[in-house]
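Colleague: In our numbering, the protein residues as written are 30 to 633. Note that CB positions come from ideal geometry on N, CA and C, so glycine has one too. Here it is, the structure in full.
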Amino acid sequence: MIDLNELERARQTVLDDLLALRDKSGHWVGHLCSSPLSTATAVSALSLVDRHAANGPRHRDLIQRAVGYLAEAVKDDGGWGDTDRSRSNLATTMLVRAAFELAGATESHSEQIGRAEAYIDREGRIEGLGRRYGKDNTFAVPILTNCALAGLVPWSQVAPLPFELACSPHWLLRFLRLPVVSYALPALVAIGQARWFHLRPRNPLTRLVRHGAVGPSIKKLRAMQPTSGGYLEATPLTSFVVMSLAATGRAEHAVTRDGVRFLRESVRDDGSWPIDTNLATWNTTLAVNAMPTDALDELGDDCVEWLLQCQHRAVHPFTRAAAGGWGWTDLSGAVPDADDTAGALLALARVADRPVAPRLHLDVAQPRAAMLQDSSQPGAAMLHAVGAGVDWLLGLQNGDGGWPTFCRGWGALPFDRSGADLTAHALRALHAWRPVAPTRIDRAIHRGFGYLEKVQCDDGRWTPLWFGNENEPGEENPIHGTSRVLSAYRDLGRTSSEPARRGEAWLASRQNADGGWGGNLRDVSSVEETAVAVEALLAGREAPSVQVAVEQGLAWLCRAVAEGRHREGSPIGLYFAKLWYHERTYPLVFTLSALSRAVERFSG
Numbered sequence: 030m031i032d033l034n035e036l037e038r039a040r041q042t043v044l045d046d047l048l049a050l051r052d053k054s055g056h057w058v059g060h061l062c063s064s065p066l067s068t069a070t071a072v073s074a075l076s077l078v079d080r081h082a083a084n085g086p087r088h089r090d091l092i093q094r095a096v097g098y099l100a101e102a103v104k105d106d107g108g109w110g111d112t113d114r115s116r117s118n119l120a121t122t123m124l125v126r127a128a129f130e131l132a133g134a135t136e137s138h139s140e141q142i143g144r145a146e147a148y149i150d151r152e153g154r155i156e157g158l159g160r161r162y163g164k165d166n167t168f169a170v171p172i173l174t175n176c177a178l179a180g181l182v183p184w185s186q187v188a189p190l191p192f193e194l195a196c197s198p199h200w201l202l203r204f205l206r207l208p209v210v211s212y213a214l215p216a217l218v219a220i221g222q223a224r225w226f227h228l229r230p231r232n233p234l235t236r237l238v239r240h241g242a243v244g245p246s247i248k249k250l251r252a253m254q255p256t257s258g259g260y261l262e263a264t265p266l267t268s269f270v271v272m273s274l275a276a277t278g279r280a281e282h283a284v285t286r287d288g289v290r291f292l293r294e295s296v297r298d299d300g301s302w303p304i305d306t307n308l309a310t311w312n313t314t315l316a317v318n319a320m321p322t323d324a325l326d327e328l329g330d331d332c333v334e335w336l337l338q339c340q341h342r343a344v345h346p347f348t349r350a351a352a353g354g355w356g357w358t359d360l361s362g363a364v365p366d367a368d369d370t371a372g373a374l375l376a377l378a379r380v381a382d383r384p385v386a387p388r389l390h391l392d393v394a395q396p397r398a399a400m401l402q403d404s405s406q407p408g409a410a411m412l413h414a415v416g417a418g419v420d421w422l423l424g425l426q427n428g429d430g431g432w433p434t435f436c437r438g439w440g441a442l443p444f445d446r447s448g449a450d451l452t453a454h455a456l457r458a459l460h461a462w463r464p465v466a467p468t469r470i471d472r473a474i475h476r477g478f479g480y481l482e483k484v485q486c487d488d489g490r491w492t493p494l495w496f497g498n499e500n501e502p503g504e505e506n507p508i509h510g511t512s513r514v515l516s517a518y519r520d521l522g523r524t525s526s527e528p529a530r531r532g533e534a535w536l537a538s539r540q541n542a543d544g545g546w547g548g549n550l551r552d553v554s555s556v557e558e559t560a561v562a563v564e565a566l567l568a569g570r571e572a573p574s575v576q577v578a579v580e581q582g583l584a585w586l587c588r589a590v591a592e593g594r595h596r597e598g599s600p601i602g603l604y605f606a607k608l609w610y611h612e613r614t615y616p617l618v619f620t621l622s623a624l625s626r627a628v629e630r631f632s633g
């Protein structure tokens, strides 16, 4: 019962909306939601800088506007969530409470603080924080450090971080089983030093080692800082570094000064901060990969050239990643990673043969070496970029056959391990460019599917690493994870395999009564999850149950477009150890990708 005209109208509406969001250079910057969590950390950082700087308060207006934003963002239960559409959580509420204290706003907001304290009590305070994060100190220790700097938590409750390990050679760090993930090394140094300055260890040898490591680790911290001043372009991470250094007598240090500059330049008109500056590269590759084939000519050469320029062409000072990968943004704080590199390679594969851009035309059937010998050959520059990207992605594959986010071999904490969603994305990208290095890619693909089979759950689902759902047990998002893995089985012609059939059956069974997909609360469907589920099932079996699920899902999406709900993002992002966000571009690109595949299938 598919209405093709309705599908085409919905697809055109979403395509028009997506194209309208391009910037003047032809790519997509996107818009991340404002974040009470990020805003709270920025308030604490700027307040401590003002308190300890030699020339006195400098950010009073910024702080007051931010406090006003936080006061209006409180939830009915007295807590704060990570976004305006997120439920309250203990971590953000503790950070907001500390921000009010450090900003000197306790008297003017005494009623809100009383309700916040009651919420924190209900959630278990420090013990509740431990239940939320487990052994991963990436976010628990920074939260407690922020609270200790505000005088709300004794320093004895803050776990000491071994910041001296940051002085070790980078290749050795993966074997040291650090208590924070690989991309949180700036927090390891700055927060570890804050704890050291406020409460020294009893062991004299540890005291001696850490005393000697203060200077060298700060130099390492400075070497990792991008020109923007913002570590990972992320407000929370940068704020934790700034507040820690300011509170230990280094409010005028170069790292602190550049971190403050980043915070000042990234604040929004309403006094809030997002979690990251933007996801320009990621959003652009998502958009290119979602566009229908007959609309690819809408992309100008500038967009493709911009994407090529986003490739990292030198060893990265942060993670020591080799050249050839892509990060999530074109800004200096980006770090190359598996997901963004895979997305870029898939986008380049889609545009490589566009008639509108003959100078980018690429015949990948030719040996790469032969193409590179003649730099005037059409597409040689693009092929060189693709070859470097393929090499980078192949070099990142873990020993278990899966792909991690940033660094190969770091497996002590969840966000450093291989992920099913990352692996599926990498497999699709490598398959798209198989002629570039067929033997190596075939071997990597074989190992990658072996990994996916090993991590598939007994009921058929896959759990992703980087996207979550607040309505699911453990805040995981198996709908997103299973859909993304099924996309890899689709692209590589394996939809009839047993793992794919089991995943498909599980995904179809999780459809809500309204025809959409969402979290464990069966009446909560989201545009993003419905779109990825429908797209994954479109390539599946002709089983009646699956076909009915697809029809109902497409009807749900068409209604959502007609009502304008495809412009409303849901907090499905899981970023930086359970930090939620939503992005304006996500519902558009996911919906467009699903509707484009549906039109191509049913019109054919």
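What is the rounded straight-line gap between the Cα of Ala39 and the Cα of Val317?
Modeller: 18 Å
Colleague: By the 10 Å Cβ neighbour count, where 16 or more other Cβ atoms means buried, how is Ala134 classified, buried or exposed?
Modeller: Per the 10 Å Cβ criterion, buried.
Colleague: Assign Pro230 to one of three DSSP states: helix, strand, or coil.
Modeller: coil
Colleague: Does Ala386 come out as helix, strand or coil in the three-state DSSP assignment?
Modeller: At Ala386 the pLDDT is 47, less than 50, meaning the model places this residue with poor confidence; the figure from the coordinates comes in the next sentence. In the structure shown, Ala386 sits in coil (DSSP, three-state: anything other than H, G, I, E or B).
Colleague: Within a Cβ cutoff of 6 Å, which residues of the same chain sit near Ala568, ignoring the five residues on either side of it in sequence?
Modeller: Cβ within range, chain order: Arg519, Thr524.
Colleague: Would you identify the three-state DSSP class for Ala263, choosing helix, strand or coil?
Modeller: strand
Colleague: Whole angstroms are fine: how far does the CA of Gly582 sit from the CA of Phe605?
Modeller: Residue confidence is low: Phe605 scores 49 on pLDDT, short of 50, so the model does not pin down where it sits. Its coordinate-derived value is still stated next. Going by the C-alpha atoms only, they are around 31 Å apart.
Colleague: Give the secondary structure of Phe496 by DSSP, where H, G and I count as helix, E and B as strand, and everything else as coil.
Modeller: strand
Colleague: Using a 10 Å radius around the Cβ and a threshold of 16 neighbouring Cβ atoms, would you call Trp200 buried or exposed?
Modeller: exposed
Colleague: Residues in the same chain with beta-carbon distance under 7 Å from Val385, minus the five sequence neighbours each way, listed in chain order, please.
Modeller: Note on Val385: pLDDT 48, under 50, position unreliable in the model; no value is reported.
Colleague: Please identify the residue among Tyr480, Ala562, Ala473, Asn500 whose C-alpha is closest to the C-alpha of Thr511.
Modeller: For the set Tyr480, Ala562, Ala473, Asn500, the Cα lying nearest the Cα of Thr511 is the one of Ala562.
Colleague: Could you check what DSSP says for Pro321 in three-state terms: helix, strand or coil?
Modeller: coil
Colleague: Would you call Thr264 buried or exposed, if buried means 16 or more other Cβ atoms sit within 10 Å of its Cβ?
Modeller: buried
Colleague: Among Tyr98, Gly157, Asp105, which has the Cα closest to the Cα of Phe129?
Modeller: Tyr98
Colleague: Quick check on DSSP: helix, strand or coil for Asp52?
Modeller: coil
Colleague: Can you tell me where the alpha helix (DSSP H) with Leu91 in it begins and where it stops?
Modeller: 89-101
Colleague: What are the boundary residues of the beta strand (DSSP E) that Tyr610 is part of?
Modeller: 608-610
Colleague: Buried or exposed, going by whether 16 or more other CB atoms sit within 10 Å of the CB of Asp431?
Modeller: With the sequence shown as reference, residue 431 is identified as Gly, and Asp is not the correct amino acid for it. Buried is the call here.
Colleague: Let me check one thing: in DSSP terms, what residues is Gly582 bridge-paired to?
Modeller: Gly582 pairs with nothing; no bridge assigned.
Colleague: Just how far apart, CA to CA, sit Gly548 and Trp491?
Modeller: 14 Å
Colleague: Which of helix, strand or coil does DSSP assign to Glu505?
Modeller: strand
Colleague: At the level of alpha carbons, what is the spacing between Asp445 and His138?
Modeller: 40 Å
Colleague: Output needed for Ile92: all residues of its chain with C-beta closer than 7 Å, excluding positions within five of it in sequence on either side, in chain order.
Modeller: Val72, Leu75, Ser76, Ala132
Colleague: Got a sec: does the ligand ZN put a non-hydrogen atom nearer than 6 Å to the Cβ of Arg151?
Modeller: With respect to small molecules bound, the structure shown includes none, and the ligand ZN cannot be examined in it.
Colleague: What residue range does the alpha helix (DSSP H) around Ile142 cover?
Modeller: Its alpha helix (DSSP H) spans residues 139-152.
Colleague: On the DSSP bridge list, what partners appear for Asn13?
Modeller: As displayed, the chain neither begins before 30 nor continues past 633, which places residue 13 out of reach and without an answer.
Colleague: Quick check on the burial criterion: 16 or more other C-beta atoms within 10 angstroms. Buried or exposed for His509?
Modeller: buried
Colleague: Provide the residue(s) that pair with Asp450 in DSSP beta bridges, ordered along the chain.
Modeller: DSSP, once it has assigned bridges, lists no residue as partnering Asp450.
Colleague: Give me, in chain order, the residues of the same chain whose beta-carbon lies closer than 7 Å to that of Trp343; leave out the 5 immediate sequence neighbours on both sides.
Modeller: Sequence inspection shows Ala at residue 343; the Trp mentioned does not correspond to that position. Closer than 7 Å at Cβ, skipping near neighbours: Ala352.
Colleague: Give me the Cα-Cα distance between Ser516 and Pro528, rounded to the nearest whole angstrom.
Modeller: 12 Å
Colleague: Going by the beta-carbon positions, is the gap between Asp487 and Trp535 smaller than 7 Å?
Modeller: no
Colleague: Between Leu173 and Ile149, how many whole angstroms is the CB-CB distance? I'm expecting something under 8 Å.
Modeller: 13 Å between Cβ atoms; not a contact.
Colleague: Report the three-state DSSP secondary structure of Ser574 (helix, strand or coil).
Modeller: helix
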